[in-house]
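Numbering of the sequence shown is given in this note's numbering, commencing with residue 3 and proceeding in unit increments. Yeah, the Cβ is synthetic: ideal placement off N, Cα and C, and Gly gets one too. Just so it is clear, the structure is predicted and the values come from calculations on it, not from any experiment. Okay, so here's the structure we're looking at.
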Amino acid sequence: MGKDLVDKSYLSSLVPAGSVVAVAVSGGRDSVALLHFLKSVSDELSFEVRAVNVEHGIRGAESVRDSEFVKSFCKSLGIPLLSKSVDAPQLKKSEGLTTEEAARILRYEVFAEAISGGFATVVATAHHKSDDAETLLLRIFRGTGLRGLTGISEKSNGVVRPLLKTSSEEIDAYVSEHALPFVTDSTNLSDEADRNFLRNVVLPLLKTRYPKVEDSLLRLSENAKEAQAFLDKCAPEPKLDGESVLIEKTDDKVIGRLAFEKAFRALGVYSDVEMRHYRLLENLFFAEVGRELDMPHGVRAVKERGAVRLYIPKELWSGELPFSEGVTETPVGKATVSLKEDGDKIYFDAGKIPEESVFRTRRSGDFIKKFGGGQKSLQDFLTDKKIPAYLKDRILLVANGSEVFAVCGVDVSRAVAVDDKTQRVLAINVK
Numbered sequence: 003m004g005k006d007l008v009d010k011s012y013l014s015s016l017v018p019a020g021s022v023v024a025v026a027v028s029g030g031r032d033s034v035a036l037l038h039f040l041k042s043v044s045d046e047l048s049f050e051v052r053a054v055n056v057e058h059g060i061r062g063a064e065s066v067r068d069s070e071f072v073k074s075f076c077k078s079l080g081i082p083l084l085s086k087s088v089d090a091p092q093l094k095k096s097e098g099l100t101t102e103e104a105a106r107i108l109r110y111e112v113f114a115e116a117i118s119g120g121f122a123t124v125v126a127t128a129h130h131k132s133d134d135a136e137t138l139l140l141r142i143f144r145g146t147g148l149r150g151l152t153g154i155s156e157k158s159n160g161v162v163r164p165l166l167k168t169s170s171e172e173i174d175a176y177v178s179e180h181a182l183p184f185v186t187d188s189t190n191l192s193d194e195a196d197r198n199f200l201r202n203v204v205l206p207l208l209k210t211r212y213p214k215v216e217d218s219l220l221r222l223s224e225n226a227k228e229a230q231a232f233l234d235k236c237a238p239e240p241k242l243d244g245e246s247v248l249i250e251k252t253d254d255k256v257i258g259r260l261a262f263e264k265a266f267r268a269l270g271v272y273s274d275v276e277m278r279h280y281r282l283l284e285n286l287f288f289a290e291v292g293r294e295l296d297m298p299h300g301v302r303a304v305k306e307r308g309a310v311r312l313y314i315p316k317e318l319w320s321g322e323l324p325f326s327e328g329v330t331e332t333p334v335g336k337a338t339v340s341l342k343e344d345g346d347k348i349y350f351d352a353g354k355i356p357e358e359s360v361f362r363t364r365r366s367g368d369f370i371k372k373f374g375g376g377q378k379s380l381q382d383f384l385t386d387k388k389i390p391a392y393l394k395d396r397i398l399l400v401a402n403g404s405e406v407f408a409v410c411g412v413d414v415s416r417a418v419a420v421d422d423k424t425q426r427v428l429a430i431n432v433k
C-alpha cells in the first residue's frame, strides 16, 4: 500500500468532519484519483463524498463520452452524481470570452448551484502542484503583480483544492497502484493553448535543467502569499455605500492600488483590471469633481470630493407609479409609506400631498420649495445636500408635475412640512 494521496490532517483542514464534499470529476486522471482517494478515507475522516460533472458542450461526442464515463465510474463506487450540460460556445460568443474563460465561468456557476442547492457543502477540484506551477508561469509571462504570484488558492468561495501539495508523479503512482480507469481530453495533447504549451513543452524542458523548478515556484508563491496578506492588512477596507464603494486618496501608491483592488472585489470583479486601469484611477484623484471613467466589467469610476467612487450603473428609470400608502415596488427601490414611528427621518403632512402625486426619478425642470422661503432647482438642491452625481438620477422622488415634495432618504419640501395643523403624519422609507 502506497502513501496517502493527500495528507489527512491537511485534508481535514479543507474538508472538516460532517462535510458533504462534491468532487468535480471530468473523467481525467487527476479528478478520478481525487474522487477515489476521498471515498477511501471518507469513513475515517467522517465526511460524505459526492461528485459533480459539467459537460461544457465544447468537444462534441468526446465530451459526451467523458460524461458517460463519469456516470459509470461514480456508479461503480456508489457515489451520488450531479451531472449538468452547459453551452460554453454560446457564452464565449455572447460575452467575447475565450473558450477556457467561458467554460470556467459556467463550471463554477454549477459548483455554486451544487452548494446553494444543498447537494454539497463544499466542492473539491483536482488542481495539483504542477497546475499551480503552470499558473504561476502563465501569469509571469503574461505580466502580473504580487497577488498574481500567490498562485492557486487552497480554498475560495466554497471550493477547495486538496491536491495542491501533490505532484503529478504522485498522482500517476496512485492511479497505477489502484488500476484506476480514466479518459483523456484530446485538447490537452495540443500545444496550441498557452497552458498546454507550458505543461507539455516548457515545464518538462525546465525540469531537465532544474529538477525542483515546481518546488521553487511554489516557494515563491508561498512568500508572495505572506507578503500579500501583510499588505492586505495595511490597505483600508472598502467603504460600502449602498451598491458603490468609496476610496479616499492616499499618498502611498501600493496601498492605494490595493484599496482599489479591494473595491473591485467588493463589487464582484476579480479579473481583467490591469495596471493601466489603476494608473487611470490614481490620476482621477486630480480631476474635477464629477469626472467619470469606464472600467472593466461595467464598473464606472467617478471623482468626488477627495475621493473616487466605484459603482456598476443600473438602467435608469423614466417611468412613474401612483403615490399611495403601503408598499410600492419601483425599479429604484421598494418604497413603504406608513404612519410615522420613532426613528423615521423622512416624514410629511399626509393632507398636503396632492392626490395625483407619483413616485418617479428626477426630470428636467424639477424644483423643490425650501424651508425658510423660496424654491430651488432640484439639481442645486441635490448638490447642496452633497448627493453624489451617480445617485442623482437614481433617487426616488414624490412629485406632482415639476414640483418635488419628497426626496426619499434625503429631505421633504416645505410645502408638505408638518405643522401645528397637521392631523396625520406619514413617513417614507426606501430599501
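- Rounded to whole angstroms, the gap between the alpha carbons of residue 296 and residue 153 is 28 Å.
- By the Cβ neighbour-count rule, residue 341 is exposed, with fewer than 16 other Cβ atoms within 10 Å of its own.
- If only complete runs of 3 or more residues are kept, the region 301–389 shows the beta strand (DSSP E) at 302–306, 309–313, 322–324, 328–332, 335–341, 349–351, 360–362, 369–371, 377–379, in order along the chain.
- With respect to residue 398, residue 369 sits apart: the two C-beta atoms are not nearer than 9 Å.
- With a cut-off of 8 Å on Cβ pairs, the region 175–182 is not in contact with the region 11–30, counting fewer than three such pairs.
- Per DSSP, residue 418 lies in no alpha helix (DSSP H) segment and is marked neither H nor E.
- In the structure shown, the three-state DSSP call for residue 46 is helix.
- When 357, 237, 333, 64 are compared, the shortest CA-CA separation from residue 254 is found for 237.
- For residue 126 against residue 164, the beta-carbon gap comes to about 6 Å, under 8 Å, which counts as contact.
- Around the CB of residue 298, fewer than 16 other CB atoms lie within 10 Å, so the residue is classed as exposed.
- In the displayed model, residue 142 falls within a helix according to three-state DSSP.
- Residue 19 and residue 37 have their C-alpha atoms spaced approximately 17 Å apart.
- In the pairwise beta carbon analysis, the region 66–81 is classified as not touching the region 96–116: fewer than three pairs are separated by under 8 Å.
- With respect to the C-alpha of residue 85, the residue from 75, 21, 187 having the closest C-alpha is 75.
- Residue 10 is a Cβ neighbour of residue 46, given a cutoff of 9 Å.
- Of the candidates 317, 329, 141, 229, 229 places its Cα closest to the Cα of residue 256.
- For residue 148, no beta strand (DSSP E) segment is defined, and its DSSP state is neither H nor E.
- Given a length threshold of 3 residues, each whole run of the beta strand (DSSP E) inside the region 15–64 is given here in chain order: 22–26, 50–57.
- Residue pairing by DSSP places residue 249 opposite 310 in a beta bridge.
- Secondary structure at residue 196: helix, using DSSP grouped into helix, strand and coil.
- The beta carbons of residue 350 and residue 418 sit about 4 Å from each other, so the pair counts as a contact at 8 Å.
- Counting only unbroken stretches of 4 or more residues, the alpha helix (DSSP H) elements lying wholly within the region 226–287 are 255–268, 277–286, in sequence order.
- Within the DSSP secondary-structure output, residue 402 pairs in a beta bridge with 405.
- A Cβ-Cβ separation of about 5 Å places residue 373 in contact with residue 416 under the 8 Å criterion.
- Pairing residue 80 with residue 327, the inter-Cα distance amounts to about 58 Å.
- CA-to-CA, the gap between residue 49 and residue 13 works out to about 11 Å.
- Of the candidates 390, 353, 365, 366, 353 places its Cα closest to the Cα of residue 422.
- In this structure, the alpha-carbon of residue 93 lies about 14 Å from that of residue 110.
- The shortest C-alpha to C-alpha distance from residue 225 to any of 115, 138, 402, 15 is the one to 138.
- Here the alpha carbons of residue 87 and residue 114 stand approximately 15 Å from one another.
- Relative to residue 128, the option among 378, 161, 195, 227 whose CA is nearest is 161.
- The Cβ atoms of residue 34 and residue 124 do not sit closer than 9 Å to each other.
- Residue pairing of residue 86 in beta bridges, as defined by DSSP: 56.
- Proximity to residue 402 across 262, 145, 322 peaks at 322, based on C-alpha coordinates.
- The straight-line gap separating the alpha-carbon atoms of residue 15 and residue 260 is approximately 28 Å.
- For residue 391, the enclosing alpha helix (DSSP H) covers residues 391–394.
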